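Residue numbers (my numbering), protein chains in the order written: chain A, 384 to 606; chain B, 384 to 606. All C-beta atoms in this analysis are idealised placements derived from N, C-alpha and C, irrespective of residue type, glycine included. Since we're looking at a predicted model, the values are computed, not measured. Encoded as structure tokens, the structure appears first; notes follow it.
Protein chains: 2
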Amino acid sequence: MTKEIKIEKNILSKNDQVAAELRELFARKRLLVLNLLSSPGSGKTTLLEKTIEALGSSLRLAVIAGDLQTERDAERVRKMGATATQIETGGACHLDARMVAVALQRLELDNMDVLFIENVGNLVCPAAFDVGDDFTVVLISVPEGDDKPGKYPTAFRKADLVVLNKIDLVPYTNFSAQRFKTDVRKIRPDLDVFEMSCTKKEGMEAWFQWLKTKVAHKKGSAQ
Amino acid sequence: MTKEIKIEKNILSKNDQVAAELRELFARKRLLVLNLLSSPGSGKTTLLEKTIEALGSSLRLAVIAGDLQTERDAERVRKMGATATQIETGGACHLDARMVAVALQRLELDNMDVLFIENVGNLVCPAAFDVGDDFTVVLISVPEGDDKPGKYPTAFRKADLVVLNKIDLVPYTNFSAQRFKTDVRKIRPDLDVFEMSCTKKEGMEAWFQWLKTKVAHKKGSAQ
């Protein structure tokens with residue numbers, strides 16, 4: 384067991400080195416980079432589609448989509464007019480910094496304002512790997528249940544922002560937004576939760592505003 | 384990379400040895416063991432609650448519940464009258480055979496007919512680890528989307544049965560059961576899909592019948 388832990392630590396520290404190099408590169412390019420984490424089917428790709436629809440004319444958006452298999456997510460995002468490239472992990476349960484570095488070679492960083500890294504649908508493993516992003520956005524959808532923060536604390540500890548998606552389904556479930564937010568704040572008292580329904584395009588304004596502010600800040604930041 | 388792969392193979396082959404020992408033990412005890420795999424919030428614990436409610440008087444049911452943190456799942460199951468023990472993985476993304484072997488020491492195997500191993504909510508990593516079970520049951524819930532089989536093929540390749548849960552939410556989503564089943568059968572043409580709503584207790588009869596048949600078969604099986 385000790386040996387396994389040591390190996391894991393080595394892999395993580397190597398990952399942290401690559402992530403730090405990526406972070407430097409993104410700072411030089413004044414490119415805002417967001418890491419999207421969630422369970423399968425929480426709505427990461429739909430969030431991206433609606434964000435591209437709303438902001439694609441004023442911001443240059445690009446996506447790196449991670450999936451075990453299939454190019455489906457990248458295709459969906461491309462249809463909305465954003466630049467997208469896929470990482471097929473071939474079974475690996477998370478993206479790491481090296482995979483992102485390889486995918487970056489297929490993108491022109493000088494021509495973009497925001498890069499979304501859509502991680503593999505998995506609320507556990509991706510939380511352990513830094514990919515050089517500025518902010519980690521954790522999505523949870525209403526049907527997953529309001530008990531998820533307590534059960535998956537690692538993802539919430541890593542989060543800089545929480546998106547609570549599919550609030551249009553609240554009437555058909557026993558989900559309590561109040562219980563959810565109380566649970567979130569037990570882990571991170573300062574964490575913002577944006578409630579929305581991406582498919583219904585409801586409640587997304589705060590997210591758009593947050594994104595525009597962060598882009599402006601990154602563009603204006605001293606190098 | 385080659386070194387990492389070799390290490391992973393070693394860990395897996397050690398796990399397979401322990402899993403084989405568990406399988407022998409379960410055969411000796413004529414105990415039916417099911418491994419439940421799903422994303423967070425697909426309804427594994429609710430499936431167990433309703434199964435205990437329906438079959439708890441005729442079958443002796445026990446649960447090993449895996450979670451990163453909290454005893455919530457085991458508590459919910461105990462309230463329904465089943466024996467339950469929790470494995471808090473402390474961050475690990477899956478259960479392995481050794482963790483199950485340790486948890487078994489807290490259970491009396493002679494006094495049970497079915498042992499459910501409720502894996503960590505994660506559709507990726509648990510699919511790689513044999514825990515000595517007779518059958519792997521993969522749960523998917525309607526709000527996760529009908530595209531999940533193609534995106535998470537490993538779990539479906541491992542599955543012996545698929546439970547499609549939360550069918551009461553179909554009217555409020557763009558989920559197509561037909562597309563879902565077509566997607567499943569591209570991976571495994573022979574795989575049964577039981578459609579149900581555990582919270583509404585709808586469509587669970589086929590699952591109960593399946594379970595009773597498998598218990599009878601295990602009890603009657605030659606050693």
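- Among the residues of chain A, none has a CB under 7 Å from the CB of LEU419/B; the nearest is roughly 15 Å distant.
- At a C-beta separation below 9 Å, ARG455/B has these neighbours in chain A: ASP530, GLY533, LYS534.
- Contact between the stretch 427 to 440 of chain B and the stretch 511 to 519 of chain B is absent: fewer than three C-beta pairs spanning the two stretches fall below 8 Å.
- Taking a beta-carbon distance threshold of 7 Å, GLY424/B counts as an interface residue toward chain A.
- A check of alpha carbon separations from LEU498/B across ALA465/B, ALA475/B, LEU574/B identifies ALA465/B as the nearest.
- CA-CA distance, LEU415/A to LYS601/A, rounds to 6 Å.
- Contacts with chain A at 7 Å (Cβ-Cβ) include GLU527/B.
- Per DSSP, reduced to three states, the secondary structure at GLN469/B is strand.
- Taking VAL401/A as the centre and dropping the five residues before and after it, the same chain places the C-beta of ALA480, ARG481, ALA484 closer than 7 Å to its C-beta, in chain order.
- With a threshold of 7 Å between beta carbons, LEU506/B makes contact with chain A.
- Distance from the CA of VAL576/B to the CA of GLU407/B, rounded to the nearest whole angstrom, comes to 28 Å.
- Taking all protein chains in view, the Cβ of GLU404/A is surrounded by fewer than 16 other Cβ atoms within 10 Å, so the residue is classified as exposed.
- VAL521/B is the residue among PRO532/B, VAL521/B, MET463/B, ALA448/B whose C-alpha sits nearest the C-alpha of ALA542/B.
- Inter-residue distance for ASP450/A and THR537/A is about 21 Å (C-alpha atoms, whole angstroms).
- By a beta-carbon distance limit of 8 Å, ILE570/B contacts PHE539/B. Their separation comes to about 5 Å.
- Per DSSP, reduced to three states, the secondary structure at ALA445/B is strand.
- Taken atom to atom, the span from the alpha-carbon of THR565/A to that of LEU544/A is near 15 Å.
- Around the beta-carbon of LYS392/B, fewer than 16 other beta-carbon atoms lie within 10 Å, marking it exposed.
- The CB of LYS597/A never comes closer than 7 Å to any CB in chain B; the least such distance is about 27 Å.
- Spanning the alpha carbons of GLY586/A and LYS549/A requires a straight line of approximately 10 Å.
- Using a CB distance cut-off of 7 Å, THR537/B counts as an interface residue toward chain A.
- Nearest neighbour of GLN469/B by Cα position, chosen from ASP496/B, ILE500/B, MET463/B, SER440/B, turns out to be ILE500/B.
- Annotation for GLU501/A: the continuous beta strand (DSSP E) segment containing it runs 497 to 501.
- Using a Cβ-Cβ cut-off of 7 Å, GLY586/B does not count as an interface residue toward chain A, since no Cβ of chain A sits closer than that to its own.
- Residue pairing from DSSP places LEU419/A in a beta bridge opposite GLU501/A, VAL520/A.
- Bounds of any alpha helix (DSSP H) do not take in GLU578/A; it lies within the beta strand (DSSP E) bounded by 576 to 578.
- In the three-state DSSP reduction, ASP450/B falls in the strand class (E or B).
- Counting the other Cβ atoms within 10 Å of the Cβ of THR596/B gives fewer than 16, which makes it exposed.
- Residue pairing by DSSP puts VAL545/B in a beta bridge opposite VAL521/B, VAL576/B.
- The beta carbon of SER559/B lies closer than 6 Å to those of ASP529 in the same chain, with the five residues before and after it left out.
- Taking every protein chain shown into account, the CB of GLY603/B has fewer than 16 other CB atoms within 10 angstroms, so this residue is exposed.
- Non-local beta-carbon contacts of LEU490/A in its own chain, meaning distances under 8 Å to residues more than five positions away in sequence, involve ALA445, ILE447, THR466, THR468, LEU498 in chain order.
- Within 10 angstroms of the beta-carbon of ASP493/B lie fewer than 16 other beta-carbons, which makes it exposed.
- Residues of the stretch 485 to 505 of chain B whose Cβ lies closer than 8 Å to any Cβ of chain A, in chain order: VAL503, GLY504, ASN505.
- Within chain A, no residue has its beta carbon less than 8 Å from that of SER580/B; the closest one is some 10 Å off.
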